[in-house]
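Heads up, the thing below is written out as structure tokens.
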Amino acid sequence: MTMELAYYPGCSLHASSALYDVQCKMVFRNLGIELKEIEDWNCCGATAAAKTDDFLSIALPARNLGIADATGLSEIVIPCSSCYSRTLVSQKRLSCDPGLKDAINEELAHKVEGKIKVSNVLEVLVPRATSGEIAGKAKKKLEGLKPACYYGCLLTRFPCDVNVTDDVENPQGMEIVCTSLGAEPIDWSYKTDCCGASASVNDADQSLILMSRIMKDAVARGANCFVSTCPLCQFNVDAYQEQVAQKYGLEKRLPVYFITELIGIAMGFDPIEMQVDRHLTDAMGLLKELKLI
Amino acid sequence: MEAKEQVMSAKTLQSEATDAKSLLQEVAEKSGQNLLACYQCRRCAAGCPVGEETGVTPDRLIRMVLLGDREEALNNLLVWKCVACYTCGTRCPNNIQTARITETLKQMSKAAHLEPLRPRIADFHNAFMQATEHMGRFNEIEGMRIYETKTTLKELKTGNFGAIIDEMKNQAKLGVSMMKKKRMHFKADQVKNKAEVKALYRKARQGKGA
Chain A
1 MTMELAYYPG
11 CSLHASSALY
21 DVQCKMVFRN
31 LGIELKEIED
41 WNCCGATAAA
51 KTDDFLSIAL
61 PARNLGIADA
71 TGLSEIVIPC
81 SSCYSRTLVS
91 QKRLSCDPGL
101 KDAINEELAH
111 KVEGKIKVSN
121 VLEVLVPRAT
131 SGEIAGKAKK
141 KLEGLKPACY
151 YGCLLTRFPC
161 DVNVTDDVEN
171 PQGMEIVCTS
181 LGAEPIDWSY
191 KTDCCGASAS
201 VNDADQSLIL
211 MSRIMKDAVA
221 RGANCFVSTC
231 PLCQFNVDAY
241 QEQVAQKYGL
251 EKRLPVYFIT
261 ELIGIAMGFD
271 PIEMQVDRHL
281 TDAMGLLKEL
291 KLI
Chain B
1 MEAKEQVMSA
11 KTLQSEATDA
21 KSLLQEVAEK
31 SGQNLLACYQ
41 CRRCAAGCPV
51 GEETGVTPDR
61 LIRMVLLGDR
71 EEALNNLLVW
81 KCVACYTCGT
91 RCPNNIQTAR
101 ITETLKQMSK
111 AAHLEPLRPR
121 IADFHNAFMQ
131 ATEHMGRFNE
141 IEGMRIYETK
151 TTLKELKTGN
161 FGAIIDEMKN
171 QAKLGVSMMK
181 KKRMHFKADQ
191 VKNKAEVKAL
201 YRKARQGKGA
């Protein structure tokens, strides 16, 4: 039986991380979930709105929430951690501030009601891993894969009091999914540290320092890849890894997979159809070496 | 390394109680944070990923605001280099979210037309918001064009040609590798009902804000 969930891809899944959009749809469809992209969504404002304008940081995601509420669906999946965080924070803020909600609703064709449940991808995937559903759809075990599950900042830490779905300091969602597919996620210390994605362009040295710490620990703990759910973390650690490695004298390079790539590989999907060949740090080599593709 | 020594200047120690009250009130109201609850345990400082580089850690920033040192509070490295990772606030035993305070101070600094200590950081986030206002969605190429124009004009004024060349080299290198891997998207993505997004921006400018 197919179920429908509302879906907010956000700007990066329509641009540099279009591969994640493709993979989310493929993997979710195989789990009987149809992702219905909401109509005419706008940018959530990400880190920039919070740093420049408090009103817009709430109002931009609010317009999307109004559109999502109007679908009548009960849940919206938001893969990008930044979009997820901003949308959840906006929903929470508007539930506590009726005056602000009215002021924003005045401008909107679809008013925010605040009823739709805002979910990240792990909230959908983890129960299906624990129930054995994901492993049941898998055609191969991810043997030899030792991912450093990298959560970054915005999946578990919020600027206000919202319901956090995993352990704040030591989340386990990605480990649960990877383990259910036969991979052996490593235990490490930097899984919720910041990679500096929002600073990579405008404060590059800082962002390289942050990534070097993450890389060093992952390598020291014996990881052979990263796995992430956030397109901003994925792009940052993927695209700037060569620069980090050269600046800090690191020999190893670790592919940075999306969680959907690992599930898709286990499900037997074609890696090219999933666009695994579009990583800036090679991601195909390790899969071939481990005979997973 | 840009770490500087503890920033409590002599000026800080001389600040007037009246200044302190108004700065504290303003920051507390705008950020929604109870700065008075800080008892300087420095758990935030221990977890701050940029603390080593900024010298100013979240506890010290709170102290500056409490002491009413407006100039230092609006213009120190933590305000600009804070990556909004929310580690300080998550670990604070008194629930003070200092990342909200740095966000607030950046906005106050902009409202007061102060020159940011790290202009590139301000330019980037302003460029992001400008690109989003234009199309309703953030297009990476448009955002980068606005950002590079802002920063290049500034570097040109100061005659810092080396910085311009370095920046162009870095961005060109990234751009080429993104194109090779088909990660660059040239087709502009946009909202149909741009008027609605623009209306929200208009409301923000009228200051009916959050």
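So the sequences go chain by chain: A and B.
Just so we're aligned, residue 1 is where the first sequence starts under my numbering, counting upward by one.
Just so we're aligned, residue 1 is where the second sequence starts under my numbering, counting upward by one.
The C-beta atom is built at its ideal place from N, Cα and C for all residues, glycine as well.
Among the residues of its own chain, which have a CB less than 7 Å from the CB of Arg63 of chain A, if the five just before and after it don't count?
Asn42, Leu108
Span of the alpha helix (DSSP H) around Cys24 of chain A:
18–30
Would DSSP call Tyr7 of chain A helix, strand or coil?
strand
Residue interval of the beta strand (DSSP E) (run including Ser74 of chain A)
Segment: none, Ser74 of chain A is in no beta strand (DSSP E) and carries neither H nor E.
Leaving out five residues before and five after Tyr147 of chain B in sequence, what residues of the same chain have Cβ atoms less than 7 Å from its Cβ?
Sequence-distant partners of Tyr147 of chain B (beyond 5 residues in either direction) whose C-beta falls short of 7 Å from its own C-beta, in its chain, are Asp123, Phe124, Ala127.
Secondary structure at Glu115 of chain B, three-state DSSP: helix, strand or coil?
coil
Please check if any C-beta of chain A sits within less than 8 Å of the C-beta of Ile165 of chain B.
It does not; no Cβ of chain A falls within 8 Å.
Report yes if the C-beta of Glu123 of chain A is less than 7 Å from at least one heavy atom of the ligand ADP; otherwise report no.
As far as ligands go, the structure on display features none, and thus does not contain the ligand ADP.
Taking CB distances under 8 Å as the criterion, tell me whether Leu31 of chain A reaches chain B.
no
Cys153 of chain A and Tyr86 of chain B look like a contact to me (Cβ under 8 Å); what is the Cβ gap, rounded to whole Å?
6 Å
Could you give the distance in angstroms between the alpha-carbon of Leu19 of chain A and the alpha-carbon of Val276 of chain A?
8 Å
For Leu114 of chain B, I'd like the list of residues in its chain whose CB is within less than 7 Å of its CB, leaving aside the five on either flank, ordered along the chain.
Excluding the 5 residues flanking it on each side, Leu114 of chain B has same chain C-beta neighbours closer than 7 Å at Leu74, Asn75, in chain order.
For Met212 of chain A, return the contacting residues in chain B, with the cut-off set at a CB-CB distance below 8 Å.
Going by the sequence as given, residue 212 of chain A is Ser instead of Met. Chain B residues near Ser212 of chain A: none, gap ~12 Å exceeds 8 Å.
If you run the structure through DSSP and keep just helix, strand and coil, what is Ile116 of chain A?
coil
Nearest-angstrom Cβ-Cβ length linking Ile62 of chain B and Ile96 of chain B, presumed shorter than 8 Å
The C-beta distance from Ile62 of chain B to Ile96 of chain B rounds to 7 Å, short enough to meet the 8 Å contact threshold.
Under DSSP, the beta strand (DSSP E) around Cys362 of chain A begins and ends at which residues?
One cannot answer for residue 362 of chain A here, as it falls past the ends of chain A, which runs 1 to 293.
Report buried or exposed for Ser22 of chain B, applying the criterion of at least 16 other Cβ atoms within 10 angstroms of its Cβ.
In summary, Ser22 of chain B is exposed, with fewer than 16 beta-carbon neighbours lying within 10 Å of its beta-carbon over all protein chains present.
Taking one C-beta from the region 251–269 of chain A and one from the region 17–35 of chain A each time, how about it: are there three or more such pairs within less than 8 Å?
Because the criterion of three Cβ pairs below 8 Å is met, the region 251–269 of chain A and the region 17–35 of chain A touch.
Kindly indicate if chain B contains any beta-carbon less than 8 Å away from that of Asn42 of chain A.
yes
Distance cutoff 8 Å, beta carbons only. Does Met179 of chain B sit that close to anything in chain A?
no
Can you pull the chain B neighbours of Gly45 of chain A, defined as C-beta to C-beta under 8 Å?
Met129, Thr132
Under a three-way DSSP split, which group does Ala204 of chain B fall into?
helix
My assumption, with CB atoms under 8 Å, is that Cys194 of chain A sits in contact with Leu210 of chain A. Please give the rounded CB distance.
6 Å
Against chain B, with Cβ distances strictly below 8 Å, would Asn105 of chain A count as a contact?
Not an interface residue.
Taking Cβ positions, are Leu280 of chain A and Ala218 of chain A nearer each other than 8 Å?
At a Cβ-Cβ threshold of 8 Å, Leu280 of chain A and Ala218 of chain A do not count as neighbours.
Is there a Cβ of chain A sitting closer than 8 Å to that of Arg120 of chain B, yes or no?
yes
Taking just the CA atoms, how far does Asp69 of chain B sit from Phe226 of chain A?
44 Å
Within 10 angstroms of the Cβ of Asn120 of chain A, are there 16 or more other Cβ atoms? Answer buried if so, exposed if not.
buried
Pick helix, strand or coil for Ile96 of chain B, following the three-state DSSP scheme.
coil
Would you list the residues sitting across from Ile209 of chain A in a DSSP beta bridge?
According to DSSP, which records beta bridges pairwise, Ile209 of chain A is partnered with nothing at all.
Partners in chain B for Ala218 of chain A, counting only beta-carbon separations shorter than 8 Å
The contacting residues do not exist; Ala218 of chain A stays about 16 Å from chain B at best.
Of the listed residues B:Val56, B:Gly51, B:Val65, B:Gly47, nearest to Ala37 of chain B (C-alpha basis):
B:Val65
Could you spell out where the beta strand (DSSP E) holding Glu37 of chain A opens and where it closes?
33–37
Given that Ala18 of chain A touches chain B, what residues does it touch there, using C-beta distances under 9 Å?
Lys182, Arg183, His185
Through-space distance from Lys154 of chain B to Ala163 of chain B, alpha-carbon basis
11 Å
Contact set for Met1 of chain B: own chain, Cβ-Cβ below 7 Å, skip 5 residues either direction
Only weak support is given to the placement of Met1 of chain B: the predicted model assigns it a pLDDT of 41, under 50, and the value that follows is read from those uncertain coordinates. Taken in chain order, the residues that qualify are Glu53.
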